[in-house]
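Novice:
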Amino acid sequence: MAEKKTKRRDFLFTATYAVGAVGVGAVVWPMIDQMNPDASVKALASTEVDVSTVNPGNTITVLWRGKPVFIRRRTQDEIAEAKSVKMEELKDPEKDEDRAKNPEWLVMLGVCTHLGCVPLNDKGDYNGWFCPCHGSHYDISGRIRKGPAPTNMEVPKYEFVNANTIKIG
Amino acid sequence: MSDHEYTPKSKVGKWFNDRLPLLTLANHLTDYPTPKNLNYWWTFGGILTFCLITQIVTGLTLAMHYIAHADMAFESVEHIMRDVNYGWLIRYIHANGASMFFLAVYIHIFRSLFYGSYKAPREIIWIIGIIIYLLMMAAAFMGYVLPWGQMSFWGATVITNLFSAIPLVGEGIVTWLWGGYSVDNPTLTRFFTLHYLIPFLILGLVVLHIWALHVPGNNNPVGIDIKKPSKDTVPFHPYIVIKDGFALLMFMIVFAFFVFYTPNILGHADNYIEADPLVTPAHIVPEWYLLPFYAILRSVPDKLLGVVAMLSAILILAALPWLDTSKIRSAVFRPLYKQFYWILVADVLILGYVGAMPAEGLYLLIARIATAYYFLHFLVILPVLGYKEKTLPIPLSITEPVLGGSPDLVAAKNKESLNN
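This is how it looks when you write it as structure tokens:
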């Protein structure tokens, strides 16, 4: 037994372990993947919202994929304020033009990027949103200005189907 | 397992025991030599076993009436409270039982910290205990989600979102945990399944915890190794059984006080409002037993580092047997450690208090100082103390300080030589 030589038996062991590992993987993956969003959850991918009744300076909240979406019709002052912010003041620099293609309408997930609470409208130090859970302040463009949240509130994929209807998702 | 051979007296007993030595096990448990100086802080192991069994029994009965569905869970809990015979009693015992469980486990843990019970040769007992504690937190958290109230929903949202702090895969993991794009019905049903499973995992670990304990035997307030069985020990039954039983009765008075007189004081009024994914309650706080860790989470201004700090605060306990470099177990003989121990107790209580307060201004400052001190205690003070501290002489046996009067090492040694 002094010298170590690869034998037929070693090869058989290795081959058996390899096949066994593939087999275990094939059984374990379905058990893990069953916890991912199912077909019925994925089917609820888009929502259409009628925004004709929203007045300037108001925000409505709609449910999309179980999450709140803020739709704010911004006033001219608010748009000017959002555009005037210098990039170097921002924790997650993003231009207002990139967040609101139509500057009058700000559409974003009403989910704090810290730990997922719903921020409150017209609150906080930056005239935007304030998250009551752990104290994150967002500005009128939904950008993080102060507090533990790492990024700006997310802008989902959306489009104007017509002048009064927004399709989210 | 047993220190001596055991033969059942009856013929049937012997026949059975030869095939399955359950009677040997029972004999080991009754005769098990226990240090005779165990004080009431040692009764919480028994109390915790009682808590676990209470939670399992009341949990099973609640599960007969509860419906794990996002549309029906909240109503089914109200159904339990109003319609089911004694449903209110069973639910209040279960809900307050969780708090009592944590109260007992914190006393149990701090007992170990004071008397150095985690040190060699008891590291495995300690680590199993930490795993049990982690599972308890998981079970408590998921159980709190089941009534599907506002605190349930938003607590679940915040805690699962902790995983989103993980770089790259975080968001994917959170979606996987939810089974959707937010906390919803798939989340509720899987939490119910796991909430049902975990107590039985804990039960299995408790068996290992006790098994590992019975290898070296109990630590004791003096913290010295003792001979077993000897004049320093008493058999578990009846001595410890009676003492544990009395302490359990006292504990049950406290338990009953909460259940019958103020069953909701440890909960949040917001959880009697059904879950609403569009509105977050103004002030989210976890249950009292998680507050110190919540304070640590909030005291760090960075999302990922906050989560890392919170998890480290718990996991650092598992490394305690190696962080504490002192050879002396009991704080009774460690004058400096004893002071730092009480500062740590105060520090954790302060963290718990600020965890319940809004994370701003002075509270935030206090939380940050207390968090820093928490880590300082384990990472700096304990390792250094083992080398620097001048400990008091320890007695040679438990009997010695009682009969000899003083724990003076030289006197004890002289006496020992005289006896020999």
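Just so you know, the sequences run in chain order E and R. Quick note on this note's numbering: the first sequence kicks off at -11 and runs consecutively. Quick note on this note's numbering: the second sequence kicks off at 8 and runs consecutively. All C-beta atoms, glycine included, are put in the ideal place defined by N, C-alpha and C.
#1: Looking at the secondary structure, which residues open and close the alpha helix (DSSP H) in which E:C105 lies?
#2: Return the residues of the region 48 to 74 of chain E that lie within a Cβ-Cβ distance of less than 8 Å from chain R, sorted by chain order.
#3: For R:L389, which residues from the same chain have a beta carbon less than 6 Å from its beta carbon, with the 5 sequence-adjacent residues on both sides left out?
#4: With DSSP as the reference, please indicate the residues paired to R:M259 in a beta bridge.
#5: Mind pulling the chain E residues with CB within less than 7 Å of R:R375?
#6: By the 10 Å Cβ neighbour count, where 16 or more other Cβ atoms means buried, how is R:D10 classified, buried or exposed?
#7: If you draw a straight line from the C-alpha of R:F262 to the C-alpha of R:T182, how long is it?
#8: Please list the partners that E:N24 has in chain R, where partner means a Cβ-to-Cβ separation under 8 Å.
#9: To the nearest angstrom, report how far apart R:D277 and R:M364 are at their CA atoms.
#10: What residues from chain E crowd round R:V165, counting only those whose CB sits closer than 8 Å?
#11: Which residue spans inside the region 173 to 231 of chain R form an unbroken beta strand (DSSP E) run of at least 3?
#12: Tell me, please, which residues DSSP counts as bridged to E:C119.
#13: Threshold first: 3 residues or longer. Then list the beta strand (DSSP E) segments lying entirely within the region -11 to 64 of chain E, N to C.
#14: My output table needs one value for R:T164: the three-state DSSP class, helix, strand or coil.
#15: With DSSP run on the structure shown, which of helix, strand or coil describes E:G135?
#16: Need the endpoints of the beta strand (DSSP E) that E:Y146 sits in, please.
#17: Can you check DSSP and say which residues form a bridge with E:L94?
#18: Contact check, R:T41 vs R:N225 under 8 Å by CB: the rounded distance?
#19: Can you grab the Cα-Cα spacing for the pair R:V133 / R:L141, in whole Å?
#20: What does R:V286 reach in chain E if we use C-beta pairs closer than 7 Å?
#21: Please confirm whether R:K43 and R:V241 have their CB atoms less than 8 Å apart.
#22: Measure the C-alpha to C-alpha separation of R:D309 and E:K(-5) and round it to an integer number of angstroms.
#23: Would R:Y381 and R:A326 qualify as a contact pair, given that the criterion is a beta-carbon distance under 8 Å?
#24: Could you confirm whether any beta carbon from chain E is found closer than 8 Å to the beta carbon of R:H290?
#25: With H, G and I counted as helix, E and B as strand and the rest as coil, what does DSSP make of R:P40?
#26: List the whole-angstrom C-beta distance separating E:S129 from E:C100, where the pair is believed to meet the contact cut-off of C-beta under 8 Å.
#27: Check whether chain E comes within 8 Å of R:E178, counting only Cβ atoms and requiring the distance to be less than that.
#28: Roughly how many angstroms lie between the CA atoms of R:R305 and R:K234, to the nearest whole one?
#29: Quick one: what's R:T240 bridged to in DSSP?
#30: Just confirm the distance between the C-beta atoms of R:A145 and R:I205, as a whole number of angstroms; I'd bet it's less than 8 Å.
#31: In the DSSP assignment, find the unbroken beta strand (DSSP E) run with E:K155 in it and report its ends.
#32: By a C-beta neighbour count over all protein chains shown, 10 Å radius and 16 as the cutoff for buried, is E:N150 buried or exposed?
Specialist: Taking the coordinates as given:
#1: The count along the first sequence starts at 1 and reaches residue 105 of chain E at position 117. Segment: none, E:C105 is in no alpha helix (DSSP H) and carries neither H nor E.
#2: T49, L51, R53, G54, K55 and P56
#3: The residue given as residue 389 of chain R occupies position 382 in the second sequence. Only L330 and D331 meet the Cβ criterion.
#4: The sequence position of residue 259 of chain R within the second sequence is 252, counting from 1. None; R:M259 has no bridge partner.
#5: Looking up residue 375 of chain R in the second sequence gives position 368. Under the 7 Å cutoff, chain E gives no residues; its nearest Cβ is about 13 Å from R:R375.
#6: As a working mapping, residue 10 of chain R is identified with position 3 in the second sequence. With a pLDDT of 47 at R:D10, under the threshold of 50, the modelled position of that residue is not reliable, and the figure given next carries that caveat. Answer is exposed; the Cβ neighbour count stays below 16.
#7: Numbered from its first residue, the second sequence carries residue 262 of chain R at position 255. Numbered from its first residue, the second sequence carries residue 182 of chain R at position 175. The straight-line gap from Cα to Cα measures roughly 39 Å.
#8: Here residue 24 of chain E refers to the residue found at position 36 when the first sequence is read from its first residue. Result: T182, W183 and G186.
#9: The sequence position of residue 277 of chain R within the second sequence is 270, counting from 1. The sequence position of residue 364 of chain R within the second sequence is 357, counting from 1. Distance between the alpha carbons of R:D277 and R:M364: 16 Å.
#10: Working through the second sequence from its first residue, we reach residue 165 of chain R at position 158. The contacting residues are L103, G104, C105 and C121.
#11: none
#12: Taking the first sequence and counting its residues from 1, the one referred to as residue 119 of chain E is at position 131. According to DSSP, which records beta bridges pairwise, E:C119 is partnered with E:S124.
#13: 35 to 38, 46 to 52 and 55 to 61
#14: What you label residue 164 of chain R is simply residue 157 of the second sequence in a count that begins at 1. Three-state DSSP puts R:T164 in a helix.
#15: Within the first sequence, the letter at position 147 stands for residue 135 of chain E. Of the three classes helix, strand and coil, the one that applies to E:G135 here is coil, per DSSP.
#16: Here residue 146 of chain E is taken as the residue at index 158 of the first sequence, counted from 1. Y146 to N150 is the span of the beta strand (DSSP E), which, as asked, contains E:Y146.
#17: As a position in the first sequence, residue 94 of chain E is number 106, starting the count at 1. Paired residues: E:R60.
#18: For the purposes of this step, residue 41 of chain R is taken as residue 34 along the second sequence, with counting starting at 1. For the purposes of this step, residue 225 of chain R is taken as residue 218 along the second sequence, with counting starting at 1. Their Cβ separation, rounded to whole angstroms, is 6 Å, which keeps R:T41 and R:N225 in contact under 8 Å.
#19: Indexing the second sequence from 1 puts residue 133 of chain R at position 126. Indexing the second sequence from 1 puts residue 141 of chain R at position 134. Residue 133 of chain R is actually Trp in this sequence, not Val. The straight-line gap from Cα to Cα measures roughly 13 Å.
#20: Looking up residue 286 of chain R in the second sequence gives position 279. Here the neighbours are V106.
#21: As a first step, residue 43 of chain R must be located in the second sequence, where it is residue number 36. As a first step, residue 241 of chain R must be located in the second sequence, where it is residue number 234. Closer than 8 Å, so yes.
#22: Here residue 309 of chain R refers to the residue found at position 302 when the second sequence is read from its first residue. Here residue -5 of chain E refers to the residue found at position 7 when the first sequence is read from its first residue. C-alpha separation (whole angstroms): 55 Å.
#23: Here residue 381 of chain R is taken as the residue at index 374 of the second sequence, counted from 1. Here residue 326 of chain R is taken as the residue at index 319 of the second sequence, counted from 1. Contact flag unset, no.
#24: To locate residue 290 of chain R, count along the second sequence from 1; it is residue 283. Cβ-Cβ to chain E under 8 Å: yes for R:H290.
#25: One-based indexing of the second sequence puts residue 40 of chain R at position 33. Note: R:P40 maps to strand in three-state DSSP.
#26: If you number the first sequence from 1, residue 129 of chain E lands on position 141. If you number the first sequence from 1, residue 100 of chain E lands on position 112. At roughly 15 Å, the Cβ-Cβ gap does not stay under 8 Å, so E:S129 and E:C100 are not in contact.
#27: The residue given as residue 178 of chain R occupies position 171 in the second sequence. Not one chain E Cβ lies under 8 Å of R:E178.
#28: As a first step, residue 305 of chain R must be located in the second sequence, where it is residue number 298. As a first step, residue 234 of chain R must be located in the second sequence, where it is residue number 227. Their backbone Cα atoms lie some 48 Å apart in a straight line.
#29: The residue given as residue 240 of chain R occupies position 233 in the second sequence. Paired residues: R:P42.
#30: The residue you call residue 145 of chain R lines up with position 138 of the second sequence. The residue you call residue 205 of chain R lines up with position 198 of the second sequence. Contact flag correct, Cβ pair sits at about 6 Å.
#31: Taking the first sequence and counting its residues from 1, one reaches residue 155 of chain E at position 167. T153 to I156 is the span of the beta strand (DSSP E), which, as asked, contains E:K155.
#32: Residue mapping note: residue 150 of chain E aligns to position 162 of the first sequence, counting from 1. By the neighbour-count rule (16 or more Cβ atoms within 10 Å), E:N150 is not buried but exposed.
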